[in-house]
Each structure stands twice: as structure tokens, then as C-alpha cells.
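Q:
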Amino acid sequence: MKCISIRRIVLLFLLLDFFVAKLAAQPLYHEQHRPQIHFSPREKWANDPNGMVYYKGVYHLFYQHYPDSSVWGPMHWGHATSRDLIHWQQQPIALYPDSLGYIFSGSAVVDIHNTSGFGKDGKIPLVALFTSHDPNKTGASSLSRENQSIAYSLDNGTTWTKGPDNPVLKNPGVEDFRDPKVMWFENSKKWIMTLAAQDKISFYSSPNLKDWKKESDFGKDLGAHGGVWECPDLFPLVHNGKKTWVLIVNINPGGPNKGSATQYFLGNFDGNKFVSIDSKTRWIDYGPDEYAGITWSNTGNRKIFLGWMSNWIYANQVPTEKWRNAMTIPRELKIIESGNELVLASLPVKEMDGLSLKPVVFHNLEINNHSVLSKKSGATSLPCRINLNMAAASDFSITLSNEAGEYIKLGYNKSDNRYFIDRTHAGKADFADNFAATHTAPRLSNAPGLNLSLIVDVSSVELFADNGMTVMTEIFFPSKPFGKIDLQSPKNTVLKELTITALRGIWK
Ligand code: FRU
């Protein structure tokens, strides 16, 4: 007996040793599926980007965070900072839940003129507006569970103090009343809050970020309404000398490829009302895995957008344990023209170029059904960027695969004029029904030539087609990274140029 139990103990130790060694073999930020060029929290749960503000050379990224678990729970604002939008440094938690509830999504501004009065000794306050969500208010009282609160920082965003009179904007009786995005409106010298109110957007104005007056509602009968409206954003962009206002409205569910997605409206805002130029439904990103995307404040004319790289359908179940969910690559937004139409295009920020290792370039590359590129190019490591250019849009696909026979396949189908990403054989998928699926998006450009830029990380691909007019974001969980790149075309097709660039990872 004694002998057996000693043997058991030894076995137990050996097993323990094995698992400890396995864990040690996966250092922080290099665990299986951990994105190598995207922000993800050092550990535990993350959803929406929040309070994004640029100040004194630093990009602040706050985000919905639950520090005690890798599933959604009592929300805090996690915090990370970057000087280049690419390399991130994890910071201490910025906002903790309090007697008013969880700290839901919101925004932050630089109150240069100290309209809030929070500034002291000449220190400019950064001011955050967020939703206090009281989880104890259920049933009839759920109509008042979401209210807007305020916090400020006098040390450039490092530490935050909640306002003494929270909440500053009380719920008028709407169950989903949240995610305030605040901006300065110069014409009326007032702050404007854009707020999601269930199935519409409500605009409020304030001289001091504390006293809010309702201006108007927008969108009850416009755009997509397959789910609740959340996380809005409002800002002007100038194209050919003409100002157009962009209203971003995230929606869950009801996205073009099921679940969560980001729609937008183009129009005019006069400080009181937003008027849309038409009734068309438009999407910033057609893929299933960009959500709650909004922009940084205080970046001048440059508008930089960041989304959460997941979908509420499976965000709590994706197969990572130490941390859960990452952000997209930051993207610069521009208005561009396609025929007579205006389109909001997004492209990866130029700061990404700093990650490029030596690019491998092919000119006039012929592709058919059997092109195998990885050996020729040597660019078999992830992350990487693939840029492609063809003179006339025709059918093609790119397959990224590993030696386990797993792959993702993406490309363009001329017959239906759509881009596609197929993740039906991309590794683990049994954590959610229909995760293993093919998703498509319309080609919006009518230019004869086609260009595509792909950002491929260990567990995601972001497709930017036609200078960012059609965008798709997709996550996947292969057992080994995809290291092989193949190109196919049913007919012989010539690519004017193909560039494969391995990218340096951002974590040490
Ligand atoms: C969007 C959202 C927001 C809310 C937050 C809660 O993903 O539902 O509307 O503020 O997440 O974590």
C-alpha cells in the first residue's frame, strides 16, 4: 500500500512538473493564440475600447475590463498607453465599480478651458464620461439602471477621481441608455454628448460637462435595427474642402454577418440635430469580429478608429484562458468617393509600417489553381502583411494554412462581386455554433483594378479592400500558426504586384 501511494505521489509530481513546464514554455504575451501585433489585456476579460484620448504625446486606451475572470462581469475601466498606437503598455485599472454600479463604456476629452472646473493649479483636467450601470435594478426599475457619470484626472490620465455629483445625466426611462461619446462643438462653444438610447441616438449639450440639456433624437426609423444601438460616435471629416459629419452606431445583434457590428451614417450636424444624407445602411467593417469601434479624441483632423476584435455571440467562449479578447489594428478614417457616392474608408494607421521587416515583392505574378508561394517568398512567419494589386478585378483566393491541415481562405468572387473569408477549417470552432462559417462583404468600388491589404496575426485577419472601402475582420484559433501562403485563381490571372512583409511582434 505504502509503495503504491509513494508511486502515486511521484506520478503526481511528474504530472505537476509537466504542466508547470508547459506553462513556463508559454511566457506572458506569447501564449497560444495570443495576438502579436494587436493590443490584448495582460490578463482576464476585455471588451469595448473606452475613453480613448490623445494627450501630451500619449494615446490612452481604456477598455471594458473584469480583472477577476476571463468572462464578462462587474465592469471596470482597464487602461493601456502607447506613443505610436502599436506598442502598448499595460497600466493600473483606472475606474472601479461603485455604489452607482458597474463602469460601462464611455469617452474622455481634454478640457483645455477648464469648463468643468475640475482643473487645479493650472493643471488641465482630462474628463471622462461613462455609464454607471446598476445590476441590482431589475424588473420595472431596470428603466433607471443606466445613468451617465463623470470622472477627471489631473495627472495626464494616470489616476482618476469620480465627480462628487454623479450621476450627471439621469435616465429618462429608457432601459438601454448608455455609452456617452463627448466632443467639443466650436460653433456653439458647447460640449455635445452622443448617447445610445436603445433604438436611437440622443444628443445632449453642455457648457461644462456636468449639466446636460437634451437636443434631439436620431435614427429610430433609419439604418439597421436588428438589435440594440450601442457605442456611438460623432465627428466631422473634410473631403475635397467639404465637411461631412459621420455618426457611428454600433449594433448588437443585427450585423451583416450576424451578431455585433458597426454601422455609420453620413450627414450634417448643426449642434442640435443630425440629418442623414440618405436612408442607406452602411457598415465600417463587414466581418463578424469588429465591434464597439469608436475614435480617439484630441487628434486634430486625423480620425483614428479602434474596435473590439470579437462578437457577443461567442466572446465569452473563445478558447483562450489567461486573457480574453483583443482590439483591432487602429485604423485611420477618411471619406472617399466611389462614383457619386461617399464612402467612409478605413486603413491601418501608417505607424504600422514601423513593424515591417524586409518585404518580398513579386511583379506580374501569374497565378492559377496551383500556386504555392511560401517556399519562394520565405515569408512564412506570422504576423505579416500581404498587399496585392491587380489591373482588372477577377476571381482569386489566398489560403493561409499550417501543417495540421487547418486553413483560412479569403478572396474575391467576381460573379457576385463580393469578398469572402472562409474559416470553416481554421482550427478550434466547437465553442460556438456557426463559428466555422464563410462570411462575405460587397465590393463597393467600381474601379476596374482591385487592391487588397491583409493584416494577418496569430489568431486574426483584417482585410482592407479598395483602399479601405470594404473591410472585414475575422478571428480564428488554429492548433499551430498559419505559416504557408498559397494563391489560387480558377483562370490564369496576373497580379501586378504582390508584397509579403513579415512584421515584428510588439511584445517582448
Ligand atoms: C457594448 C456594450 C456597451 C456597454 C458595455 C458593457 O459591447 O454592451 O453598450 O457599455 O458593452 O460591457
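Take the sequence shown: its position 162, counted from the start at 1, is 420 in the working numbering, and no numbers get skipped. Even for Gly, the Cβ is constructed at its ideal location relative to N, Cα and C.
1. Candidates Phe678, Pro736, Ala723 and Lys471: which alpha carbon is nearest glycine 685's?
2. Does the beta-carbon of arginine 436, which I'm using as the reference point, lie nearer than 7 angstroms to any heavy atom of the ligand FRU?
3. Quick one: residues in its chain with C-beta nearer than 8 angstroms to the C-beta of threonine 751, no 5 flanking neighbours on either side, listed in chain order?
4. Go to methionine 648, then tell me how far its beta strand (DSSP E) extends in each direction, as first and last residue.
5. The beta strand (DSSP E) spanning proline 606 covers which residue range?
6. Does alanine 684 come out as helix, strand or coil in the three-state DSSP assignment?
7. Determine, using beta carbons only, whether isoleucine 552 and lysine 439 come nearer to each other than 8 angstroms.
8. Drop a sphere of 10 angstroms on the beta-carbon of threonine 759, count the other beta-carbons inside from all chains shown, and report buried for 16 or more, exposed for fewer.
9. Should proline 299 go down as buried or exposed, given a rule of 16 or more other Cβ atoms within 10 Å for buried?
10. My parser needs the beta strand (DSSP E) runs of 3 or more residues fully inside the stretch 282-329; what are they?
11. Would you identify the three-state DSSP class for glutamate 579, choosing helix, strand or coil?
12. Taking the alpha-carbon positions, what's the lysine 516 to proline 546 distance?
13. Go ahead and label valine 619 buried or exposed: buried means 16 or more other beta carbons lie within 10 angstroms of its beta carbon, across all protein chains shown.
14. Can you tell me which residues form a DSSP beta bridge with leucine 564?
15. Taking 8 angstroms as the limit between beta carbons, can you name the residues of its chain near glutamate 664, skipping five residues before and five after?
16. Looking at the ligand GTP, does it come within less than 7 angstroms of serine 363, judged from the CB to the closest heavy atom?
17. Out of curiosity, what's the CA-to-CA distance linking tryptophan 570 and glycine 612?
18. Could you tell me how far apart the beta carbons of histidine 296 and alanine 584 are, in whole angstroms, since I believe they sit closer than 8 angstroms?
19. At a cut-off of 7 angstroms, would you count methionine 585 as near the ligand FRU, judging by its Cβ distance to the nearest heavy atom?
20. Work out the CA separation of aspartate 680 and tryptophan 449 for me, nearest whole Å.
21. Can you tell me whether serine 402 is helix, strand or coil according to DSSP?
22. Quick check on the DSSP output: what are the complete beta strand (DSSP E) runs of length 3 or more inside the stretch 398-448, in order along the chain?
A: Working from what's here:
1. Here residue 685 refers to the residue found at position 427 of the sequence shown. Nearest of Phe678, Pro736, Ala723 and Lys471 to glycine 685, Cα basis: Pro736.
2. Here residue 436 corresponds to residue number 178 of the sequence shown, with the count starting at 1. Correct: arginine 436 has its Cβ closer than 7 angstroms to the ligand FRU.
3. As a first step, residue 751 must be located in the sequence shown, where it is residue number 493. Correct list, in chain order: Glu624, Ile625, Asn626, Met648, Ser652, Asp653 and Phe654.
4. Within the sequence shown, residue 648 is the residue found at index 390, counting from 1. Residues 642-648.
5. In the sequence shown, the residue the question calls residue 606 occupies position 348. Here the beta strand (DSSP E) through proline 606 covers 599-606.
6. Along the sequence shown, read from residue 1 onward, the residue named residue 684 stands at position 426. It is coil, neither helix nor strand.
7. Against the sequence shown, residue 552 aligns to sequence position 294. Against the sequence shown, residue 439 aligns to sequence position 181. Taking 8 angstroms as the Cβ cut-off, isoleucine 552 and lysine 439 qualify as a contacting pair.
8. Sequence index remark: in the sequence shown, residue 759 carries index 501 (1-based). Its Cβ being crowded by 16 or more others within 10 Å, threonine 759 is buried.
9. Taking the first residue of the sequence shown as position 1, residue 299 is located at position 41. Buried: at least 16 other Cβ atoms inside 10 Å.
10. 302-313 and 316-324
11. In the sequence shown, the residue the question calls residue 579 occupies position 321. Residue state, collapsed to three classes: coil.
12. The count along the sequence shown starts at 1 and reaches residue 516 at position 258. The count along the sequence shown starts at 1 and reaches residue 546 at position 288. Whole-angstrom Cα-Cα distance: 7 angstroms.
13. By 1-based counting over the sequence shown, the position of residue 619 is 361. Classification for valine 619: exposed.
14. Numbered from 1 along the sequence shown, position 306 holds the residue referred to as residue 564. In the DSSP output, where bridge partners are listed per residue, leucine 564 has Ile552.
15. The sequence position of residue 664 within the sequence shown is 406, counting from 1. Here the set comprises His683, Ala684, Gly685, Pro736, Ser737, Lys738 and Phe740.
16. Inclusion of the ligand GTP in the displayed structure is not the case, the ligand content consisting of the ligand FRU alone.
17. Walking along the sequence shown from the start, residue 570 turns up at place 312. Walking along the sequence shown from the start, residue 612 turns up at place 354. Straight-line Cα distance between these residues: approximately 32 angstroms.
18. One-based indexing of the sequence shown puts residue 296 at position 38. One-based indexing of the sequence shown puts residue 584 at position 326. Confirmed, about 5 angstroms.
19. Position 327 of the sequence shown, counted from the start, is the residue given in the question as residue 585. No, the beta carbon of methionine 585 sits no closer than 7 angstroms to any heavy atom of the ligand FRU.
20. Position 191 of the sequence shown, counted from the first residue, corresponds to residue 449. Position 422 of the sequence shown, counted from the first residue, corresponds to residue 680. C-alpha separation (whole angstroms): 44 angstroms.
21. Numbered from 1 along the sequence shown, position 144 holds the residue referred to as residue 402. Helix, per DSSP.
22. 404-411 and 435-443
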